[in-house]
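Q:
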Amino acid sequence: MVVGKKPLGTTKLSTTPQEMPAAENEPAVPQSEAIEPDTFARRWEVWTHEIFRMREDRFFLFLAVLIGVMSGLVVVCFRIFIEWVQITLLGPSLAPPVMRVVLAPTLAGMVVALLAIYVFPHVRGSGVNQTKAAVYISNGYVPFITVIGKFVTCAIAIGSGQSLGPEDPSLQIGAGIASLIGRRLRLSTEKLRLIAPVGAAAGLAAAFNAPISAVLFVIEEVIGTWSAGVLGAVVLAAVSSVVTMRAFLGADSLFSVPPFRVARPGEMLAYVVLGLAGGIASLILLKWIGWARPKIKTWPHWTLYFQPAAAGLVIGLIGTKVPQVMGAGYPIVDQMMHGQFVWKVLLLLAALKIFATGVSFLSGSPGGTFAPTLFIGAMLGGAIGAIEHHFFPSLTGTVGTFALVGIGTLFAGFLRTPITAVFMVIELSGNYTAILPVIISTMVAYTISRTYQKVPLFDLLARQDGLVLPSIEEKREMLSLDVEDAMSAEGSIVVEPGQTITTIAKQAEANPGAVLLLRVNPGNWWLLDRDDVMRLAPDASPATTAILAKSKGPLPYLFRDQTLAEALQSMGDWPVLPVISREDLGKLEGIITLAETLKAFRKAPPAE
Amino acid sequence: MRYSSVVASRANLATPKIPSANAGPRIYSREAVLLSCCIALILLLGFTALVSRIYHMKVHTMADSWFAQGEANMKAGNPSAAVAAYRNSLVYSPEKPLYQLHLAQALVAMGDHDAQAQSYLQVLWVQSPGSGEINLELARIAARRGDGLSDVLRYYHSAIDGEWSENPVATRWQVRRELCEYLLAHGQIRQARIEVTSLADNTPADDSARELAVGQMLLKIEDWTRAQTIFRALLTTDRTNPKYLEGAGTVAFELGQYGVAREYFDKLPPALRDTPEVTRMLEASHQVLAANPYLSGLSTADRVRRAENAISAAAARAQSCIQTQSGTTHSVAVQGALAKMHLNLEQFQRMQKDWNGRNLGSFPDRFDAAMTAVFDTESAAAVACGESQGADRALWLLGKSRSGQPN
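Order-wise, the sequence lines are chains A and B. Note that the first sequence covers residues 1 to 608 in our numbering. Note that the second sequence covers residues 1001 to 1407 in our numbering.
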């Protein structure tokens, strides 16, 4: 909204108008205190005063860094703990002994079930929906016991070989830490709601070693909007978390793939095929979870004690023949990117991983779906790449490149966050050369998944749990109604200040019902009282100009590309507002009324 | 969905009860909370540092242990077991270049795993494009897979110019030698001449083994003069070394120094002298020496007799060759050779009186003219009818030698 003669872009929307900046309200430190002895307590007091004298938004940024560092440290410990559990339970080899492969996930499943039922009641699931629920239902409240529970149970589940990953739980762990700090600092409810996604981004960034992807995911999936109020904090938290993590675990990319270049534009077709395959695979996984989960939920309560163990047994039995499907599977992905497996094995691994991930996830074992998605995508991509290479040996992309693109493809198709998928591939590989194939392939997979599975995974899971969380995908894709959808180019007469009343009255008589808008100067519009003009007209002399008639103003004005929501905010009690040109503030493009605005809303198609 | 399950799922999902204000945590000042956060952060930092240190120590120990196992397997000639061990070591130190390199080498050693090895090596190459070892492995894979010559040469040259941690001069020499062998094996003689010459320039004179290798490559690229220098130098260090003698004999033979060649070949141990190649050269040397009328120390009668024999042999060879080739179509070169033989044959008949025994012994110019016609005839016959055997071959070789052409 722009009012009167204020220059464009200077209007400031205060997010928390009720809160005055602390710096302005805080009483000055009395002079007498300045000469007090320089004790530690005194220095601490002064320092903390300085901290809290910061404006609330700056303090929030400071908190974001603190949360980022803490989340980074916890995620480092989490990842180490998972590895420790894995080495302890399965042994240090990529091909563990058969007995361990069967027993470890089964027994660990029993332990996880008991912990989830008796000690940590909210640890089931991946953690993404729980964080969303915290933001939209619980005012950003994530119990700290859940953080501890997620840490312990996920490490046991993933370390024992369940086909799950540590990324989504890290997201919830970060959100939990942020929530705890926010509560202890007695932040406002609004800030508490914002701080959970900040922690979530930090946790995810540290788990993935990918700050941009983490920020994008939180925005694409959790927050849903590019809100300036939270974006800075999310970025800061993610960056500080990754810096912390790298200090302890190193800065190496998750996968290393040789750079390549697409020699001919026609090669892009190869990635379209991969996109099609990725879209279909995403649908299979989505439908499999979406179909089986409600059925499993109807099982008797006592089965909860055995579901993770049963899933562990199934995965263990698969693992006796194909141990690659166990756990998060990152080393296997790295190996396949170097061409270790032939395409038949890759397809088998992708299929088994889809099954194993579904089994693990449906059993309620705590753990995330990111890593399995990456695994499936890599295997599928590698298989498609190998097959295409067989028929078209001149393709420049290696099997590793196809695997890398496949990761992004399945991520976009399954989790339905296409922008995150593209940037994730770049960050995970440290390789920019695959960007074009990734964009093409992810878009194809996303479109297929979107077409044949209307509800995205996280929304589907929430609905199955009886929750109505906002669908970020719908929000993202919803068409906004703009001023031009409701404005009318006719029904107004532009009047100049020097114009005689007689002329204006003649124009008004010729256009019954038209509003009279007085253009004092560009960007300064007033509403002329039509009745007063008509009253003055019979006795008006040539010197009686528009200035002498009654008018109200200055009117807020709008531009045709602004949203109707903004128009409503500006409308206030005005019966009509001018819609003017951005190029020339003195040029009227139309007018908008409350009635027309509401009519436009009524005509708009309802959200799905 | 059943109501109970909805309730249960609601209870299980992240909708925990928000604690009421009364039940909430005790209210502390922000300063106190911030102080506790800082203390918690420091404690967490210390704990993470400790855990991380222990973790890294453990992980590196395991990685090193797997790597050592891989090395042992490689030494024992079991590359597939080594590959498994190296893969395990990479699980714990995924970015360690040494492990990746050794894995790639083990994959190469397994055979039929070049693509995998190449993938690891290319990643390493991106990180260290100047590494000699990585470039060498990539060159070997490119050579084995039959990639283009330019790719192979690029990797080999990068390896030669690249960094080598141990004994760089000797290693670079070895890599260039490998490149030369690749080029010679693939018939890339022009490129091989450049590389072998460079190899010879960089070979230390006091290293007999390397000098010998270079000498043998010089024989293959037919750089006889340089090869002769090397073999002569080698013979000064060991006059009885059969390889030196064989090399020197070959060079002498190819340069038309048949007496010298025979001398070297005669000194060879019987086992080596009986090899087909040496036997062929030795016999040819004997025949040339037996047919050569220019040999120093011959009496005039002997010289004349050899010249007359040569004229007869050449005339007979020309006649036989012309008869063989009559009635068939020929290339331009063969047609030219046949025409030359016709002329020479006519010349032999026309000059029969001038080139008799008395004139040949008395007039050196007639002797030379007659022998020139002989050599021309043998040379043309070789073009038109292929290399001959026995006396004709001896005369042909002699002609080449006289005209300064190497064999």
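C-beta: ideal position from N, C-alpha, C; glycine also.
Below 7 Å on C-beta distance, what does B:M1062 contact in chain A?
A: Per Cβ cutoff of 7 Å: P92.
Q: Measure from the C-beta of A:S256 to each C-beta in chain B and report whether the shortest distance is under 9 Å.
A: Yes, A:S256 lies at the interface with chain B (some Cβ there is under 9 Å from its Cβ).
Q: Any beta carbon from chain A within less than 9 Å of B:S1052's own beta carbon?
A: Cβ-Cβ to chain A under 9 Å: yes for B:S1052.
Q: So, with DSSP's three-state summary, where would you put B:W1224?
A: Helix.
Q: Output the distance between the C-alpha atoms of B:R1393 and B:A1284, rounded to the nearest integer angstrom.
A: Computed Cα separation, rounded: 8 Å.
Q: Secondary structure at A:V253, three-state DSSP: helix, strand or coil?
A: The residue asked about is misnamed: residue 253 of chain A is Ser in this sequence, not Val. Coil.
Q: Going by DSSP, what residue range makes up the beta strand (DSSP E) through A:S492?
A: First-last of the beta strand (DSSP E) with A:S492: S492 to V495.
Q: Give the residues of chain A in contact with B:N1073, contact being defined as C-beta atoms less than 8 Å apart.
A: By Cβ distance, chain A contributes nothing, its closest Cβ being about 14 Å from B:N1073, past 8 Å.
Q: In angstroms with no decimal places, state the Cα-to-Cα distance between B:V1251 and B:F1348.
A: Distance between the alpha carbons of B:V1251 and B:F1348 is about 35 Å.
Q: State buried or exposed for A:S160, treating a residue as buried only when at least 16 other CB atoms are found within 10 Å of its CB.
A: Per the 10 Å Cβ criterion, buried.
Q: Comparing C-alpha positions only, which one of A:V111, A:A546 and A:I440 sits nearest to A:A309?
A: Comparing Cα positions, the closest option is A:V111.
Q: Grouping DSSP H, G and I as helix and E and B as strand, with all else coil, what is A:I137?
A: In this structure, A:I137 counts as coil in the three-state DSSP scheme.
Q: Determine whether the Cβ of B:Q1116 lies closer than 9 Å to any Cβ atom of chain A.
A: Closer than 9 Å: yes.
Q: With a cut-off of 9 Å, does the C-beta of A:D531 fall near any C-beta of chain B?
A: Not one chain B Cβ lies under 9 Å of A:D531.
Q: With which residues is A:E482 paired in a DSSP beta bridge?
A: For the sequence presented, residue 482 of chain A should be read as Asp rather than Glu. Looking at the DSSP assignment, A:D482 forms a beta bridge with A:T563.
Q: Rounded C-beta distance between A:L516 and A:I501? I'm assuming under 8 Å.
A: Contact doesn't hold; Cβ gap of about 11 Å is too wide.
Q: Locate the beta strand (DSSP E) running through A:L204, then write down its first and last residues.
A: No beta strand (DSSP E) contains A:L204, which is instead part of the alpha helix (DSSP H) from T189 to F208.
Q: Could you spell out the range, first to last residue, of the beta strand (DSSP E) harbouring A:P660?
A: Beyond the ends of chain A as shown, which are 1 and 608, falls residue 660 of chain A; an answer cannot be given.
Q: So, does the CB of A:E490 fall closer than 9 Å to a CB anywhere in chain B?
A: Judged by the 9 Å Cβ criterion, A:E490 is not in contact with chain B.
Q: Measuring alpha carbon to alpha carbon, tell me which residue in B:G1247, B:N1135, B:A1301 and B:L1235 is nearest B:W1224.
A: The candidate whose alpha carbon is nearest that of B:W1224 is B:G1247.
Q: Rounding to the nearest angstrom, what Cα-Cα distance links A:E167 and A:T369 in this structure?
A: Taking the straight line from one Cα to the other gives about 8 Å.
Q: Count the CB pairs spanning the region 359-369 of chain A and the region 381-394 of chain A that are closer than 8 Å, and state whether there are at least three.
A: Contact between the region 359-369 of chain A and the region 381-394 of chain A is absent, because fewer than three Cβ pairs lie under 8 Å.
Q: Within this structure, are the beta carbons of B:L1360 and B:R1303 separated by less than 9 Å?
A: Yes, the pair counts as a contact, with Cβ atoms nearer than the cut-off.
Q: Give a yes or no on whether the C-beta atoms belonging to A:A462 and A:A200 are separated by under 9 Å.
A: No; because the gap between Cβ atoms is not below 9 Å, this pair is not in contact.
Q: Using 8 Å for Cβ pairs, my map puts B:I1230 next to B:G1215. What's the rounded Cβ distance?
A: Between B:G1215 and B:I1230 the Cβ distance is about 4 Å, and since that is below 8 Å, they are a contact.
Q: Using the DSSP secondary-structure output, state which residues sit across from B:V1091 in a beta bridge.
A: BP columns for B:V1091 are empty, so no partner.
Q: B:L1395 to B:N1292, Cα distance in whole Å?
A: Their Cα atoms are separated by approximately 8 Å.
Q: When you compare only the Cα positions, how much space is there between A:D584 and A:I591?
A: Cα to Cα, the separation comes out at about 16 Å.
Q: Kindly give me the distance between the Cβ atoms of B:A1384 and B:V1334, rounded to whole angstroms, as I take these residues to be in contact under 8 Å.
A: Their Cβ separation, rounded to whole angstroms, is 5 Å, which keeps B:A1384 and B:V1334 in contact under 8 Å.
Q: Against chain A, with Cβ distances strictly below 9 Å, would B:A1384 count as a contact?
A: Answer no: the Cβ-Cβ gap between B:A1384 and chain A never drops below 9 Å.
Q: Of the residues that make up the region 66-84 of chain A, which ones have a beta carbon closer than 8 Å to any beta carbon in chain B?
A: Within the region 66-84 of chain A, the residues whose Cβ lies closer than 8 Å to some Cβ of chain B are L66, V69, M70, L73, V74, V76, C77, I80, E83 and W84, listed in chain order.
Q: Out of A:Q307, A:T373 and A:E473, state which residue places its alpha-carbon closest to the alpha-carbon of A:G327.
A: Of the candidates A:Q307, A:T373 and A:E473, the one whose C-alpha sits nearest the C-alpha of A:G327 is A:T373.
Q: Quick one: which chain B residues come within Cβ less than 7 Å of A:L185?
A: Within 7 Å Cβ-Cβ: R1030 and V1033.
Q: So what's B:G1390 in DSSP terms, helix, strand or just coil?
A: The answer is helix: DSSP assigns B:G1390 an H, G or I state.
Q: Should B:A1391 be counted as a contact of the ligand COA given a C-beta to heavy atom distance under 8 Å?
A: The ligand content of the structure shown is nil, which means the ligand COA is not present either.
Q: Taking B:N1078 as the query, report the chain A residues whose CB atoms sit under 7 Å from its CB, ordered along the chain.
A: Neighbours of B:N1078 on chain A: none; closest Cβ ~16 Å, over 7 Å.
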